[in-house]
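Encoded as structure tokens, the structure appears first; notes follow it.
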Amino acid sequence: MNIILSLVIGGLYGAGLFMMLRRSITKLLFGLILWGHGSNLLIFVACGLVRGAPPLIPEGQTTLEPPYADPVAQALILTAIVISFAVVAFTAVLLYRIYRTIGTDDIDQLRASDS
Amino acid sequence: MNALLILPVIVPLLTAALMLLVYRRGATQRTLGVASALIQFALAGVLLYVVATRGIQVSHLGGWPARFGITFVADLLSALMVMLSGTIALAAAVYSTWNIDRERRAYGFYPLMQALLMGANGAFLTGDFFNLYVWFEVLLIASFVLLVLGNERPQMEGALKYVTLNLISSMLFLTAVGILYGSVSALNMADIAVKLPELPSSITGALAVLLLVAFGIKAAVFPLFFWLPDSYHTPPATVIAIFAGLLTKVGIYSMLRVFTLFFHNNASNDQMLILWIAGFTMAVGVLGAVAQAEVRRILAFHSVSQMGYIVMGFALMSAASVAGAIFFILHHGIVKSNLFLIAGVMQKRGGSTRLKDLGALSQREPFLAGLFFVTAMSLAGLPPLSGFWAKLSLVQAGLEIGTPEAFSVIGVSLAVSIFTLISMIKIWTEAFWKPAPEDLEPAAPEVSRSVVFAMFAPILFLTVLIVLMGLMPEPVLNLVREAAEQLRDRAGYVRAVLGVELQ
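Residue numbers (the numbering used here), protein chains in the order written: chain A, 15 to 129; chain B, 2 to 504.
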């Protein structure tokens with residue numbers, strides 16, 4: 015499972031980078047979204063996959079016996095998802111405004127700030 | 002709980018909330034902004050005093066002990082950075098009372114500025130690695146909106162580059178946090194410093210480079226600086242003064258923190274790489290600046306170039322050079338903010354920031370000319386101003402090290418100084434000395450005394466600081482030396498935060 019997920023993460027980063035290097039601003043946005051998903055999945059895998067072991071202390075015991083799924087990693091991912099959702103929403107609106115102002119989807123046409 | 006560490010974050014947050022309550026009243030928002038900036042400035046002063054006299058201050062949020070909860074840590078470097086942020090906040094708050102138009106105010110300029118300050122202070126003070134990522138995002142989202150407020154075409158295009166590159170940087174940072182937590186199960190920075198040496202060098206090496214790239218984008222170092230010159234000349238002067246003073250500094254602060262605390266071994270492995278980065282950043286930035294003919298673009302390229310000096314100081318890795326780098330951060334934050342504020346007045350009073358449309362400002366605005374001259378000469382590093390001591394301490398540190406690499410990078414930095422002087426003189430001769438162009442717009446209409454005060458008081462305040470740092474550098478030099486010593490004393494940091502001894 016680790017191997018498969020690692021390959022998926024690599025695929026997400028690779029596809030995201032490929033999309034970002036295209037000239038279209040829509041694809042740029044998709045690239046950023048893919049990287050966001052890739053990094054969330056990476057935290058999930060890097061912190062260890064544990065199946066069917068929630069971090070709950072069984073009745074009658076006072077400590078948690080390993081193996082259990084690390085709740086901190088899940089908290090990190092949750093925070094990261096919320097942040098990347100907000101940032102992507104902002105970026106989508108920004109790109110739409112750029113499209114409306116400039117009237118093109120082509121990054122090569124964005125030259126007003128170069129001079 | 003030590004409230005002093007939390008207040009630099011709480012005060013801007015509360016101010017932003019209060020401002021939202023009086024959303025329709027521009028004047029009230031401006032008053033709140035200035036009052037809050039005064040409080041932040043005073044708080045930063047108190048924090049700096051406490052840290053300088055009593056050592057590293059630690060606050061465990063919510064009473065959770067370190068490792069479990071989020072810890073705020075203020076060592077001298079953090080306290081100096083909060084002081085810088087308070088200083089720039091004060092100048093920018095006064096300046097923003099005339100520089101921000103009704104439309105930008107209506108779209109929430111003032112609360113966003115507070116959010117930006119909150120993000121910066123949080124990033125400087127946090128002792129938790131994931132929390133640092135969160136503060137980065139708070140800072141970023143506020144800066145994104147501040148950058149595009151106004152909806153002009155160049156702003157949008159500059160913002161596209163800024164947003165994309167900074168999002169990439171955030172995701173690289175997040176990737177590094179994930180790998181780091183996966184390998185050491187720690188997020189507290191002191192805890193990471195304890196556990197990181199157990200890792201194989203392949204993982205720490207990869208982490209060091211990931212973080213170098215992530216923070217390098219934010220600090221705008223070669224070859225990752227392209228967002229900066231394209232976005233810094235578009236928004237109003239207030240926004241850019243804060244950006245120039247704080248945004249890149251957050252990146253360089255994180256770099257300093259991470260490489261001194263986590264990768265002190267790797268840093269020597271990566272030293273050559275970082276030195277090359279420093280050299281190219283200085284040279285490419287200044288050459289870009291020499292080619293420009295617009296005041297704010299010249300200043301933006303200089304921002305890149307000056308980041309190279311700071312990176313050089315920390316790449317040389319001696320106590321003296323790190324101290325020089327910290328001095329340079331303080332000097333550059335104040336000087337560059339001030340130059341952008343001056344550019345804003347030039348735009349208002351001279352009608353433009355393009356050198357060919359400007360002229361004769363030294364006769365029409367002698368006071369402004371004097372302030373610009375002092376600040377620009379400080380940027381170029383002429384004695385007896387702050388830039389001289391910043392560069393002198395870096396050069397001295399490099400000569401003390403005495404390796405061929407150190408000599409060559411010092412050589413580059415001295416050559417870059419000359420180019421800096423050339424392009425500052427270019428602004429001076431074109432904008433201030435040259436006769437006014439024929440089709441010059443008539444002088445700006447007389448404005449009320451309060452506007453004149455709001456224009457010049459912040460610039461005068463920062464200029465006085467520059468001159469003071471130049472004439473009496475000793476207290477600041479002592480502080481930065483001590484800050485550099487603290488950075489090198491990893492055991493002291495770990496002891497202060499975790500209460501354990503570092504093996």
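Yeah, the Cβ is synthetic: ideal placement off N, Cα and C, and Gly gets one too.
Just to confirm the assignment, what range does the beta strand (DSSP E) spanning Phe73 of chain B have?
Secondary structure note for Phe73 of chain B: its beta strand (DSSP E) is the uninterrupted segment 72-75.
Could you name the residues of the same chain whose beta carbon sits closer than 6 Å to that of Ala228 of chain B, not counting the 5 residues immediately before and after it, in chain order?
It should be pointed out that residue 228 of chain B corresponds to Trp in this sequence rather than to Ala. So the list reads Lys162, Tyr163, Leu166, once near-sequence residues are dropped.
Considering only their Cβ atoms, is the gap separating Arg37 of chain A from Ile121 of chain A smaller than 8 Å?
yes
Measure the alpha-carbon distance for Ile91 of chain A versus Pro476 of chain B and round it to whole angstroms.
45 Å
Give a yes or no on whether 8 Å exceeds the smallest Cβ distance from Arg154 of chain B to chain A.
yes
Is Lys357 of chain B buried or exposed, if buried means 16 or more other CB atoms sit within 10 Å of its CB?
Classification for Lys357 of chain B: exposed.
By a C-beta neighbour count over all protein chains shown, 10 Å radius and 16 as the cutoff for buried, is Val465 of chain B buried or exposed?
exposed
Could you check whether the Cβ of Ile47 of chain A sits closer than 8 Å to any Cβ belonging to chain B?
no
Mind listing the chain B neighbours of Thr93 of chain A? Cutoff is C-beta to C-beta under 8 Å, in chain order.
Phe131, Val135
Check the Cβ-Cβ distances between Thr165 of chain B and every residue of chain C, and say whether any is below 8 Å.
Of the protein chains in the structure, A and B, none is chain C.
Give every residue of the same chain whose Cβ lies closer than 7 Å to the Cβ of Val96 of chain A, excluding the five residues on either side of it in the sequence, and list them in chain order.
none
For the beta strand (DSSP E) holding Val59 of chain B, just list the boundary residues, first then last.
First-last of the beta strand (DSSP E) with Val59 of chain B: 58-61.
Considering only the alpha carbon of each residue, which of B:Arg106, B:Arg26, B:Phe137 lies closest to Val251 of chain B?
B:Phe137
Once you ignore the five residues that flank Phe131 of chain B on each side, which residues in its own chain have a CB closer than 7 Å to its CB?
Val178, Leu188
So, is the C-beta of Ile70 of chain A closer than 8 Å to a C-beta in chain B?
Looking at the sequence shown, residue 70 of chain A is not Ile but Leu. Chain B contact via Cβ: absent.
Starting from Thr176 of chain B, find everything on chain A with Cβ-Cβ shorter than 7 Å and list it in chain order.
Chain A residues near Thr176 of chain B: Ser53, Leu56.
Tell me the rounded alpha-carbon separation between Leu124 of chain A and Ala43 of chain B.
44 Å
Any idea what DSSP makes of Glu295 of chain B, helix, strand or coil?
strand
Could you spell out the range, first to last residue, of the alpha helix (DSSP H) harbouring Pro367 of chain B?
367-381
Of all the options B:Asn152, B:Ile243, B:Gly151, which has the alpha carbon lying nearest to the alpha carbon of Val95 of chain B?
B:Ile243
Can you confirm whether Phe145 of chain B, when its beta carbon is compared against all beta carbons of chain A, has any partner nearer than 8 Å?
yes
In the region 371-435 of chain B, which residue ranges form an unbroken alpha helix (DSSP H) of at least 4 residues, counting only runs that do not cross its ends?
387-402, 405-428
Do three or more CB pairs link the region 106-120 of chain B to the region 138-152 of chain B at distances below 8 Å?
Contact between the region 106-120 of chain B and the region 138-152 of chain B is present: three or more C-beta pairs spanning the two stretches fall below 8 Å.
From Leu372 of chain B to Ala455 of chain B, what distance separates their C-alpha atoms?
15 Å
Buried or exposed: which applies to Pro237 of chain B, given that a residue is buried once 16 or more other Cβ atoms fall within 10 Å of its Cβ?
buried
So which residues on chain B does Gly50 of chain A lean against when the C-beta distance must stay under 8 Å?
Met172
At a Cβ cut of 9 Å, what residues of the region 94-111 of chain A count as close to chain B, listed as they run along the chain?
Here the close residues are Ala94, Ile97, Ser98, Ala100, Val101, Val102, Phe104, Thr105, Leu108, Leu109, Arg111.
Just to confirm, are Leu331 of chain B and Leu173 of chain B a CB contact at a threshold of 8 Å?
no
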